[in-house]
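Asks: Here the sequence shown is numbered in the numbering used here, starting from 237 and rising by one per residue. Virtual Cβ for every residue (Gly too), placed ideally from N, Cα, C.
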Amino acid sequence: MITNKEIARIFDEIADILEVKEGDKFKIRAYRKAARTIESLTQDLSDFSSVTELKKLPSIGDALAKKIHEIITSGKLEYYEELRTSVPEGVLELLSIPNVGPKTVSKLYNECNVTDIESLELAAKNHRLQHLFGMGRKTEERILKGIEQYRRHKERIPLGKAYFQAKNIVKSLENLDAVERIAFAGSIRRMRETIGDIDILVASENPSRVMSAFKALDGITEIIASGDTKSSVIMDDTQVDLRVVRDDSFGSALQYFTGSQLHNIKLRELALKQGLKLNEYGVFKGDQPVAGKREEEVYEALGLPFIPPELREDQGEIEAAIEGELPDLIELNRIKGDLHIHSRWSDGKNSIEEVVDKARSLGYEYVAICDHSPAIGITRGVNEEKLLDEIIEIERINEDLSDFKVLTGIEVDIRSDNTLDLPDKILEKLDIVLAAVHTKFSQSKDAMTRRIISAIKNPHVDIIAHPTGRLIGKRDPYDLDIEAVLDAARDTRTILEINANPRRLDLKDIHARYAKEKGVKVAISTDAHDISQMELMPFGVATARRGWLEPEDVLNTRSLDELMRNLK
Ligand code: DGT
Ligand code: CA
Ligand code: CA
């Protein structure tokens, strides 16, 4: 069934296109007016059975009534489909840029050969808009700003950024008297690597109090929707949705709004099969609620164990829950040490002593100092001579430590000619060797796969760090035959890293799961260049959980002795 809102959007888009094409002013106005009428209607247009009935609506004449009738009976509008093909898609996309209206787009398209966002950006940067039709420098700047804003909103936000933002929002609201419970929902609770918008759920008997506190938070630049129980705002370029429910349905609302949508669909089907109804208000047998207050109850009512949010992607978790075969997921408190940390000996900010203090405060039993080798071009990569000094320094530090151990290590560069940046005779002196690619990311898939496998086959390399080299939202992973890499890792007992930095999360969740299936172990490490980054471990653990990993799949859940036995 097509909604009024969708019909209104089609009419608005028709008006936009006509405007770009410098069409008839009256016609354009008629479509806009009709769109507004439709939006404010209380009845569904799809309930209107005839053109005559539709014509009775204000600002809907014969032609528009016929078009609405066509949409509700056939699901589409031929005139609109045709019109859309008459203007390049890139031109229509220009209409989504803030500060750029249909009139401007019309001028840009008809007089400046602007056909998409890229050509508009170029024209504005080269100041071609000013002299072409008298736009001021200010207008050009406004357009460039609009483009930037549009691109930002189109992109999904890296988990790392959204997570800390959401934490701050929760912190600002959780102490209000009106707030009984508060939690993340949506993709941020599932810890997806990127987030479309932040969803937060509150239990309260006083929703209006919660809403006004929410809308008064610092950093809000726009209020998109403001209702009694749901509001949406833009805060620091990110959309934040806040919903308020009663405490007795908080569990079912949390289940519902955590998603994913696909997980929920499957769960609802399962409920129906059992003669139950499942929605955001609870689980019902007939009209009788059987669960709702706690999320665990919702799963319990369906005869299932609790399914951790990180698994809720409809990737077999409901089937596994039915069979009693859910994994016993790894948890942060099982991590006994961080195996990839940079110190001041290369490009890290802190001394090894500071790293040790931080590691102990996190409850760890060991850390590995793995500074960079010289090749990657940073000014302070450690060469052979420096590395020998660093080993001596670490030995000295270990002498003063009782229940803690600093492992000597390196993050040796894998050069594009498949050789390592340091000779075997020094690598063999170290407790742990990480190898990683830092240059020439554009090699062919074959070449890159060979390059990484050659490092995997080195008898001293224990771990491949950030195996696919991606930077989320910034740099794509290099082309790699992940299957061949996993096979080589399994055959040589080489471990693959899950880099916990939320900019990397590399291996990513599905690759981690694939690694487990192939019998390859992972190490979850922060790659900290500053001791504060050692706190990013939870993002790596979340990625491992999304990959269905259990404590035994992860190297650094091992005690020091066991760890040493697992290294080459
Ligand atoms: P995102 O924001 O794109 O990263 O992904 P989510 O999963 O946070 O999606 P969002 O914010 O649109 O909605 C939050 C949850 O609400 C979603 O995971 C499942 C639930 N939900 C239930 N029914 C629907 C529905 O009809 N549409 C959508 N979009 N979400 C629904
Ligand atoms: Ca969301
Ligand atoms: Ca949302």
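Taking Ala398 as the reference, give the member of Leu785, Phe775 and Asn802 with the closest Cα.
Replies: Considering only alpha carbons, the answer is Phe775.
Asks: So, helix, strand or coil for Asn694, using DSSP?
Replies: Coil.
Asks: Does DSSP classify Lys681 as helix, strand or coil?
Replies: If DSSP states are grouped into helix, strand and coil, Lys681 belongs with the helices.
Asks: Any heavy atom of ligand 1 closer than 8 Å to the beta-carbon of Gln769?
Replies: No, the beta carbon of Gln769 sits no closer than 8 Å to any heavy atom of ligand 1.
Asks: Run the CB neighbour count on Glu626, radius 10 Å, all protein chains shown included, and call it buried at 16 or more, exposed below.
Replies: Looking at its Cβ environment, which holds 16 or more other Cβ atoms inside 10 Å, Glu626 is buried.
Asks: In terms of residue numbering, what span does the beta strand (DSSP E) encompassing Ser496 cover?
Replies: Here Ser496 belongs to no beta strand (DSSP E), and DSSP marks it neither H nor E.
Asks: Classify Ile554: buried if its beta carbon has 16 or more other beta carbons within 10 angstroms, exposed otherwise.
Replies: The residue in question, Ile554, is buried, as its Cβ has 16 or more Cβ neighbours within 10 Å.
Asks: For ligand 2, enumerate in chain order all residues having a CB closer than 6 Å to any of its heavy atoms.
Replies: My final list is Gly422, Ser423, Gly432, Asp433 and Asp435.
Asks: Alpha carbon to alpha carbon, how far is Pro545 from Thr474?
Replies: Approximately 22 Å between the Cα atoms of the pair.
Asks: Is Gln475 a contact residue of ligand 3, with contact defined as CB to any heavy atom under 8 Å?
Replies: Yes, the Cβ of Gln475 comes within 8 Å of a heavy atom of ligand 3.
Asks: In the stretch 390-420, which residue ranges form an unbroken alpha helix (DSSP H) of at least 4 residues, counting only runs that do not cross its ends?
Replies: Listed in chain order, the complete alpha helix (DSSP H) runs (minimum 4 residues) inside the stretch 390-420 are 395-409.
Asks: Alpha helix (DSSP H) containing Ile460: first to last residue?
Replies: Careful: Ile460 lies outside any alpha helix (DSSP H), inside the beta strand (DSSP E) at Ile456 to Ser462.
Asks: Hey, how far is the Cα of Leu498 from the Cα of Tyr492?
Replies: Cα to Cα, Leu498 sits roughly 11 Å from Tyr492.
Asks: Are the CB atoms of Asp727 and Lys757 within a distance shorter than 9 Å?
Replies: Against a cut-off of 9 Å, the Cβ pair of Asp727 and Lys757 comes out as no contact.
Asks: Need the endpoints of the alpha helix (DSSP H) that Gly422 sits in, please.
Replies: Gly422 -> alpha helix (DSSP H) spans Gly422 to Arg426.
Asks: Let's test the definition: count the other Cβ atoms within 10 Å of the Cβ of Gly422 and tell me whether it reaches 16, buried, or not, exposed.
Replies: Buried, since its Cβ has 16 or more Cβ neighbours within 10 Å.
Asks: Taking 9 Å as the cut-off, decide whether the C-beta atoms of Met427 and Leu478 are in contact.
Replies: No, the Cβ-Cβ distance between Met427 and Leu478 is not below 9 Å.
Asks: Consider the C-beta atom of Thr494 and the heavy atoms of ligand 1; say whether any pair is separated by less than 8 Å.
Replies: Yes; taking the cut-off as 8 Å, the Cβ of Thr494 has a heavy atom of ligand 1 nearer than that.
Asks: As a quick exercise: from Asp649, Ile633, Asp698 and Ser488, pick the residue whose alpha carbon is nearest that of Glu589.
Replies: It is Ile633 whose Cα lies nearest to the Cα of Glu589.
Asks: Could you tell me whether the stretch 760-769 touches the stretch 573-582, using the rule of 3 or more Cβ pairs below 8 Å?
Replies: Verdict: yes, contact present.
Asks: Smallest Cα separation from Gly432: which of Ala780, Lys585 and Gly709?
Replies: Gly432 has its Cα closest to that of Gly709, out of Ala780, Lys585 and Gly709.
Asks: Mark Asp260 as exposed unless 16 or more other C-beta atoms lie within 10 angstroms of its C-beta, in which case mark it buried.
Replies: Burial call: exposed.
Asks: How many Å lie between Glu258 and Lys381 at the Cα?
Replies: Looking at the two C-alpha atoms, the distance is approximately 26 Å.
Asks: I need the DSSP call for Ile767, collapsed to helix, strand or coil.
Replies: The answer is helix: DSSP assigns Ile767 an H, G or I state.
Asks: What would DSSP say about Val721, mapped onto helix, strand or coil?
Replies: Helix at Val721.
Asks: Between Ser467, Asn442, Ser440 and Val438, which has its C-alpha nearest Ala452's C-alpha?
Replies: It is Ser467 whose Cα lies nearest to the Cα of Ala452.
Asks: Beta-carbon separation of Leu254 and Leu328 under 9 Å?
Replies: For Leu254 and Leu328, no; Cβs fall outside 9 Å.
Asks: State buried or exposed for Arg801, treating a residue as buried only when at least 16 other CB atoms are found within 10 Å of its CB.
Replies: Exposed, by the Cβ-count rule.
Asks: Kindly examine ligand 1 and report whether one of its heavy atoms sits closer than 8 Å to the Cβ of Thr430.
Replies: Flag set: Cβ of Thr430 near ligand 1.
Asks: Any heavy atom of ligand 1 within a distance shorter than 8 Å of the CB on Arg782?
Replies: No, the beta carbon of Arg782 sits no closer than 8 Å to any heavy atom of ligand 1.
Asks: Per DSSP, what kind of secondary structure is Ile699 in: helix, strand or coil?
Replies: Of the three classes helix, strand and coil, the one that applies to Ile699 here is strand, per DSSP.
Asks: By DSSP's criteria, Ala672 is part of a beta bridge. Which residues make up the other side?
Replies: DSSP, once it has assigned bridges, lists Asp649 as partnering Ala672.
Asks: Given Glu531, which residues of its chain have a CB within under 6 Å of its CB, disregarding the five upstream and five downstream residues?
Replies: Excluding sequence neighbours, Glu531 sits near Gly487, Leu490 and Gln491.
Asks: Rounded to a whole number of angstroms, what is the C-alpha to C-alpha distance between Thr278 and Leu707?
Replies: Cα-Cα distance, rounded: 48 Å.
Asks: Based on the DSSP output, what are the partners of Arg711 in its beta bridges?
Replies: Its beta-bridge partners are Leu707.
Asks: Near Lys312, which residues of its chain fall below 6 Å by C-beta distance, leaving aside the five closest residues on each side in sequence?
Replies: The answer is none, since no qualifying residue turns up.
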